[in-house]
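The next block holds one structure in the form of structure tokens; read it before the comments.
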Amino acid sequence: MISLVKELWRTLLFVFSIQFWRMGLLWTFSIVFSHYQLIKDFLCSQRPKSYYRCSPCTVPVRPVAVVTGATSGLGFYTAYELSKEGYVVVLVGRSQQLLLEAERKIKDWNRNAHLKAFQVDLSSVESIIMFRKSLQQWLSDSDLHSSIQLLINAAGILATSPRITADGYDQMIGTNYIGAFVLTNLLLPLLESSNVSSRIVNVTSFTHRNVTDMQVDDRTVSGKRFLSYMQYPYANIYEYSKLCLLLFTFELHRQLRLREKSHQIFVASWSCTNEYFERSSISPFLVGPLCTEAFRPLAIP
9 MISLVKELWR
19 TLLFVFSIQF
29 WRMGLLWTFS
39 IVFSHYQLIK
49 DFLCSQRPKS
59 YYRCSPCTVP
69 VRPVAVVTGA
79 TSGLGFYTAY
89 ELSKEGYVVV
99 LVGRSQQLLL
109 EAERKIKDWN
119 RNAHLKAFQV
129 DLSSVESIIM
139 FRKSLQQWLS
149 DSDLHSSIQL
159 LINAAGILAT
169 SPRITADGYD
179 QMIGTNYIGA
189 FVLTNLLLPL
199 LESSNVSSRI
209 VNVTSFTHRN
219 VTDMQVDDRT
229 VSGKRFLSYM
239 QYPYANIYEY
249 SKLCLLLFTF
259 ELHRQLRLRE
269 KSHQIFVASW
279 SCTNEYFERS
289 SISPFLVGPL
299 CTEAFRPLAI
309 P
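Residue numbers (our numbering): 9 to 309.
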């Protein structure tokens with residue numbers, strides 16, 4: 009009886025918390041506004057936007073796609089669709105059991121799927137480094153070219169209680185942003201060595217629209233600033249993590265354009281448009297410093 013009362017009390021505290029209502033109200037408004045923007049752009053644009061699409065595989069050597077968060081949701085269905093396009097899909101997930109289930113389900117739906125699963129904790133830099141080594145070894149041991157053609161960072165979590173990673177960061181920031189940052193930088197050589205144009209896709213969110221202030225320092229970008237809060241601001245942290253991922257995408261795109269082989273890699277992100285900065289309360293003069301700070305949260309070994 010006592011445990012039931014405690015559980016009910018925790019539930020009531022959660023429902024009546026500021027963070028819960030922030031998600032319920034502001035996030036709802038953000039997604040409605042995002043759909044409004046899409047509809048308006050579709051109706052008012054003189055010509056429809058076209059995007060580069062990876063064509064089905066027709067060459068003897070199959071292209072390789074790395075998909076994080078591949079055990080459920082968007083990551084899982086992306087992996088399934090890529091397997092139908094002829095890609096060798098590398099499934100990346102935290103749970104070995106869920107990876108096996110995802111692999112079995114995709115093969116049930118597509119018997120011709122070529123899959124390889126790796127258990128990786130994206131909130132751990134050490135785990136990501138081990139994955140890079142294992143991936144390189146697997147590529148060299150197989151008949152595939154020692155490169156990858158597609159990286160999709162679809163992994164993400166929404167935690168309602170504070171957790172600290174082994175590297176000392178907030179787990180939500182570590183998984184949603186720093187993990188994608190580290191993985192992308194470590195896999196860039198494999199993307200650049202591709203014989204065909206490669207692509208990086210970072211899955212962001214409409215929730216970044218709700219960020220109204222952003223301190224340009226490593227404590228904010230790494231999430232350490234939030235660890236001292238009396239009440240865990242999980243909604244704010246999730247928004248920050250998605251904004252940082254979006255800013256990282258901007259800066260990565262800019263830096264790759266400056267390279268000699270810039271045409272080899274395409275960088276894309278949902279909602280990766282300048283209209284966000286035009287409509288947000290963040291000063292346009294901070295966009296450059298923010299992008300730079302988001303691009304260097306830690307040193308990559």
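Backbone N, C-alpha and C fix where the C-beta goes; we use that ideal spot for every residue, glycine too. Since the structure is predicted, the reported quantities are computational estimates derived from the model, not experimental observations.
Simplified DSSP state of Leu-16, which is helix, strand or coil: helix
Beta-carbon proximity check, Leu-152 vs Val-96, cutoff 8 Å: yes
When the Cα atoms are used, what is the spatial distance from Phe-41 to Cys-52? 16 Å
I'd like the list of long-range same chain contacts for Leu-166, defined as Cβ closer than 6 Å, with 5 residues on each side in sequence excluded. Tyr-246
May I ask you to report which of helix, strand or coil DSSP gives Ala-125? Secondary structure at Ala-125: strand, using DSSP grouped into helix, strand and coil.
Using C-beta distances below 6 Å, list every residue in its chain close to Leu-34, excluding the 5 sequence neighbours before and after it, in chain order. Asn-218
Quick check on the burial criterion: 16 or more other C-beta atoms within 10 angstroms. Buried or exposed for Ile-47? Counting C-beta atoms within 10 angstroms of its own C-beta, Ile-47 has fewer than 16 neighbours from the protein chains shown and is therefore classed as exposed.
Between the CA atoms of Leu-123 and Ile-136 - distance to the nearest angstrom: 19 Å
Please name the residue, chosen from Asp-178, Tyr-240, Ser-38, that lies closest to Thr-215 on a Cα-to-Cα basis. Ser-38
Ordered along the chain, which non-local residues of its own chain (more than five positions away) have a Cβ less than 7 Å from that of Leu-82? Same-chain partners within the cutoff: Ala-162, Val-211.
Cβ of Ala-174 within 8 Å of Cβ of Met-31? no
Note down, in chain order, each residue of its chain lying with its Cβ closer than 7 Å to the Cβ of Gln-27, except the 5 sequence neighbours on either side. Pro-241, Tyr-242, Ala-243
Would you kindly work out how many angstroms separate the C-alpha atoms of Tyr-177 and Leu-107, rounded to a whole number? 25 Å
Tell me which residue opens and which closes the alpha helix (DSSP H) that Ser-42 is part of. That run of the alpha helix (DSSP H) goes 36-52.
Closest by CA to Ile-181, which one among Val-209, Met-238, Arg-18, Phe-234? Phe-234
Tell whether a beta-carbon distance below 8 Å holds between Val-209 and Ile-160. yes
Spatial neighbours of Leu-191 within its chain, please: CB distance less than 6 Å, with the 5 preceding and 5 following residues excluded, ordered by chain position. Excluding sequence neighbours, Leu-191 sits near Ile-136.
If you measure between the beta carbons of Asn-193 and Gly-164, is that distance less than 8 Å? no
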